[in-house]
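Student: Residue numbering for the sequence shown follows my numbering, beginning at 1 and increasing consecutively.
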Amino acid sequence: MIERSQKDTLAPQYPTPPFVSQPQPAPGLASKMIPVPDHGETSYRGSGRLAGRKALITGGDSGIGRAVAIAYAREGADVAIGYLPEEESDAAEVIKLIEAEGRKAVALPGDIRSEAFCEKLVEEAVSQLGGLDILVNNAGRQQYNESILTLSTEDFDATFKTNVYAMFWITRAAVKHLPPGASIINTSSVQAYQPSPILLDYAQTKAAIVAFTKALAQQLGEKGIRVNAIAPGPYWTVLQPSGGQPDEKVKQFGASAPLGRPGQPVEIAPLYVTMASAENSYASGQVWCSDGGTGTV
Ligand code: NAD
Ligand code: MG
């Protein structure tokens, strides 16, 4: 039995702003961030809370989705991840980390703005994992735009396709495979409640995710399937320097949170573990927030 010292169980001192300028084209690579985010690669410790479970995580290559993939594998789950083909190098690192836990890892590259791909994604995950009992809708598009006058229909459409339509298509395809006790977890945002002026399209999609979660939880309750959303505050992921925020905001990212810094992806993974776990079997239709002290939700 390994004794944990107090030093091990106190939160580490994570990086604080200012950060260096680091623009990347979307969707960006986590491996190129300065500093590289902590997704739990060396820090997350599991304790069998998801033993034998089978999870599909969209956007599992980087950021929050990667942290969730690592945590789920360390908690004993087999994990399939969806991501875009240009993110293959980030995804390959995650696949290795899942396999290092002795768990099955399934890589499913493709663009979820396609309904046909969303259906294929779920069918592949189910057939390669041998079933499915956790679905994490986490992939997202965030591109800032200063004015409604410059927000194109193409951009608006791409944000809604990625964040809203894909969640609907993937969830609809998954529901028929989910057994009683299964859990669906959607990634919303504090933007659903306190929208930034430069995220007009994105903030709407995150509010839609809250309503989807609350309505679906009522539909699926009788099947014993729980549906929850998680609303992150500012988390240090490549979504931000790849067009999610202007460069000046990336340099100060997280400064206005009471904790004075952005969250690291590993710090939100425990919420996704808890919401997937059978220990939390009465929690459904809720939004769980982790925002560094602002108290948004
Ligand atoms: P991230 O860029 O690391 O992850 C987003 C992932 O979405 C990408 O890795 C990519 O694989 C996937 N994706 C995007 N478009 C896709 C498409 N067309 N097809 C397939 N996959 C696609 O950034 P993240 O911050 O970890 O984002 C994860 C979720 O967290 C998103 O839904 C985001 O809106 C949400 N979120 C993030 C923050 C934050 O501060 N980072 C705050 C609130 C909510
Ligand atoms: Mg990525």
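In this text, a Cβ means the ideal position worked out from N, Cα and C, and glycines have one as well.
1) Comparing the CB of S62 with every heavy atom of the ligand MG, is any distance shorter than 7 Å?
2) Consult DSSP for S281 and reduce its assignment to one of helix, strand or coil.
3) Looking only at its own chain, which residues have a Cβ that is under 6 Å from the Cβ of G46, when we skip the five neighbours before and after it?
4) Can you check which of these residues, T171, K223 and T153, is closest to L135 by C-alpha distance?
5) Suppose the cutoff is 8 Å on Cβ atoms and the five residues either side in sequence are ignored; what does the same chain contact list for A30 look like?
6) Who pairs with W288 in a beta bridge, going by DSSP?
7) Measuring only from the beta carbon, is A90 closer than 7 Å to any heavy atom that is part of the ligand MG?
8) What's the gap between the Cα of V190 and the Cα of F117?
9) Do you know how far the Cα of K176 is from the Cα of T294?
10) Mark Y272 as exposed unless 16 or more other C-beta atoms lie within 10 angstroms of its C-beta, in which case mark it buried.
11) For T159, I'd like the list of residues in its chain whose CB is within less than 8 Å of its CB, leaving aside the five on either flank, ordered along the chain.
Tutor: So, to answer that:
1) For the purposes of this step, residue 62 is taken as the residue at position 62 of the sequence shown. When distances are taken from the beta-carbon of S62 to the heavy atoms of the ligand MG, the shortest one is below 7 Å.
2) Locating residue 281 in the sequence shown gives position 281, counting from the first residue. S281: coil per DSSP, three-state reduction.
3) Numbered from 1 along the sequence shown, position 46 holds the residue referred to as residue 46. Closer than 6 Å at the Cβ level, and outside the excluded window around G46, lie R74 and E75.
4) On the sequence shown, position 135 is the one that residue 135 refers to. Of T171, K223 and T153, the residue nearest in Cα terms is T171.
5) Start at 1 with the first residue of the sequence shown, and residue 30 comes out as number 30. Result list for A30: V36, P37, H39, D61, S62, G63, R66, D90, T237 and V238, in chain order.
6) As a working note, residue 288 is residue 288 in the sequence shown. Note: W288 sits in a beta bridge opposite I230.
7) To locate residue 90, count along the sequence shown from 1; it is residue 90. Checking the displayed sequence, the identity of residue 90 turns out to be Asp instead of Ala. Yes, the Cβ of D90 comes within 7 Å of a heavy atom of the ligand MG.
8) As a first step, residue 190 is located in the sequence shown; it is residue number 190 there, counting from the start. As a first step, residue 117 is located in the sequence shown; it is residue number 117 there, counting from the start. Straight through space, the alpha carbons of F117 and V190 are spaced by roughly 29 Å.
9) Along the sequence shown, one-based indexing puts residue 294 at 294. Along the sequence shown, one-based indexing puts residue 176 at 176. Rounded to whole angstroms, T294 and K176 show a C-alpha spacing of 38 Å.
10) Counted from its first residue, the sequence shown places residue 272 at position 272. That one is buried.
11) Counted from its first residue, the sequence shown places residue 159 at position 159. Excluding positions up to five away in sequence, the list reads R141, Q142, Q143, D201, Y202 and T205.
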